[in-house]
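Participant: This is the structure, below, for whatever I ask next.
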Amino acid sequence: MQDAAALHRATLTLDSHIDIPWPNGADPFSETTRHVDLPKMVAGGLDAGCFVAFVPQGPRTPEDIAATTTRALAMLETIHAMGTTKNGISARICAAASDVEQAKRDGVLAITPAVENGHAIGEDLSLLERFRDLGVAYVTVTHNGHNLLADSANPRRDLGDEATLHGGLSGLGREAVAEMNRLGILVDVSHVSRQAMLQAAMLSRVPVVASHSCAAALCDHPRNLDDTQLDALRDIGGLVQITAMPPFLRARGRSETVGVAEFVDHIDYVVKRIGLAHCGISSDFDGGGAINGWRHAGESGNVTAELVRRGYGHAEIAALWGGNFLRLMRAAEQFARPAMMVG
4 MQDAAALHRA TLTLDSHIDI PWPNGADPFS ETTRHVDLPK MVAGGLDAGC FVAFVPQGPR
64 TPEDIAATTT RALAMLETIH AMGTTKNGIS ARICAAASDV EQAKRDGVLA ITPAVENGHA
124 IGEDLSLLER FRDLGVAYVT VTHNGHNLLA DSANPRRDLG DEATLHGGLS GLGREAVAEM
184 NRLGILVDVS HVSRQAMLQA AMLSRVPVVA SHSCAAALCD HPRNLDDTQL DALRDIGGLV
244 QITAMPPFLR ARGRSETVGV AEFVDHIDYV VKRIGLAHCG ISSDFDGGGA INGWRHAGES
304 GNVTAELVRR GYGHAEIAAL WGGNFLRLMR AAEQFARPAM MVG
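What follows is the structure, given as structure tokens:
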């Protein structure tokens, strides 16, 4: 059997969904009580992470949208402030796939910004260009609750949501998908309704990603993707990043009762169903993710060890741990490049 620890260190490892504290949090360059800080990333051999500016869903009013936009931009500035050297650790903001790869070669942690919940843009699509200028690699179209772009997989009854608001994507949501394509921002379909996910997959000119979801066949949760959705991802070259959220991995699962083996069960299922090229890894750390064996970034090597135990080789593990996600980032960049050059 391969040396899992050595293989892990040799692999470019990228976690595609990590939440940051808001409004204030401990210095990420120091040891904290959070699931991810930079010392834990170093200790766990986690080379790169998509750190998300998460904004909760509120009323779809101009006042709430304005406050949400302000919060998202402030959080992106907080993420950008992580691109420095402190306490013997160096981190770099990486907006492109090649930047992430170079950071690995340089022994520097790669920090890739993202935005979770299109509520942050309201009706102002020009904000997407501002996000991209701040290095945003993907935008999660919704969170819990419908927004002006799309229906959510989890309607918010407390906000007056019915089962559906738009029948999937709204007209504005369709325009947002096209604008994200133009700018080189990946369309993240985690959190959106089944109908909105399938519509986005067909509409987007760049393969879409589900940055933190699991397989509904193994755990029937509204946030997971069923076989039809997985097949749609395969057909368009898209990607699902299996996530360490206990109730997505097993019904009524908790961090104490769900472990790395069940996490890799979902990877196995997706790989067998739609192929290795369409699967990756995310934690949703500090957003609810944490399981036995992968409770924080410092334990990331345990995921690699389980993959090795199941017979995955170095190239396959490299694809799961970041290669597939970087391929999608590169596809978005390449599609956007002619448009950006004209602009």
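Residues in the sequence shown are numbered consecutively from 4, following the numbering used here.
Beta carbons: idealized from backbone N, C-alpha and C, even for Gly.
In chain order, which continuous runs of the beta strand (DSSP E) of length 3 or greater are located wholly inside the segment 196-248?
Facilitator: 212-216 and 242-246
Participant: Do you know offhand how far VAL345's Cα is from ASN184's?
Facilitator: Model confidence at VAL345 stands at a pLDDT of 46, short of 50, so the residue's coordinates are unreliable and nothing is read from them.
Participant: Measure the CB-CB distance between SER155 and HIS20 and report whether it falls below 8 Å.
Facilitator: No, they are not a contact pair.
Participant: Can you tell me whether MET200 is buried or exposed? The criterion is at least 16 other CB atoms within 10 Å of its CB, across all chains shown.
Facilitator: buried
Participant: Quick check: what's the CA-CA separation for PHE328 versus SER196?
Facilitator: 22 Å
Participant: Assign ASN90 to buried or exposed, taking buried as 16 or more other Cβ atoms, counted over all protein chains shown, within 10 Å of its Cβ.
Facilitator: exposed
Participant: Between GLN60, ASP223, ALA69 and ASP271, which lies nearest to ASP164 when the distance is taken from Cα to Cα?
Facilitator: GLN60
Participant: Determine whether the beta carbon atoms of MET44 and LEU189 lie at a separation below 8 Å.
Facilitator: No.
Participant: Please report the distance separating the alpha-carbon of PRO31 from that of ASP40.
Facilitator: The alpha-carbon atoms of PRO31 and ASP40 are separated by roughly 5 Å.
Participant: Please list, in chain order, all residues of the same chain as ALA300 whose beta carbon is under 6 Å from its beta carbon, the five residues on each side excluded.
Facilitator: VAL39, LYS43, MET44, GLY47 and LEU49
Participant: Looking only at its chain, what residues have a beta carbon closer than 7 Å to the beta carbon of GLY395, apart from the 5 residues adjacent to it on each side?
Facilitator: Missing from the structure shown is residue 395; the chain here goes from 4 to 346 and no further.
Participant: For a test of the three-state rule: what should DSSP assign to ILE82, helix, strand or coil?
Facilitator: Residue state, collapsed to three classes: helix.
Participant: Identify whether LEU128 lies in helix, strand or coil by the three-state DSSP scheme.
Facilitator: coil
Participant: Taking 8 Å as the threshold (C-beta atoms), are ALA322 and ALA293 in contact?
Facilitator: no
Participant: I want to know whether the segment 169-187 touches the segment 81-90 - three or more CB-CB distances under 8 Å.
Facilitator: With a cut-off of 8 Å, the segment 81-90 and the segment 169-187 do not count as touching, because too few Cβ pairs lie within range.
Participant: Compute the distance between the beta-carbons of ALA56 and VAL118, then report whether it is under 8 Å.
Facilitator: yes
Participant: Where does PRO249 land, buried or exposed, given buried means 16+ other C-beta within 10 angstroms?
Facilitator: buried
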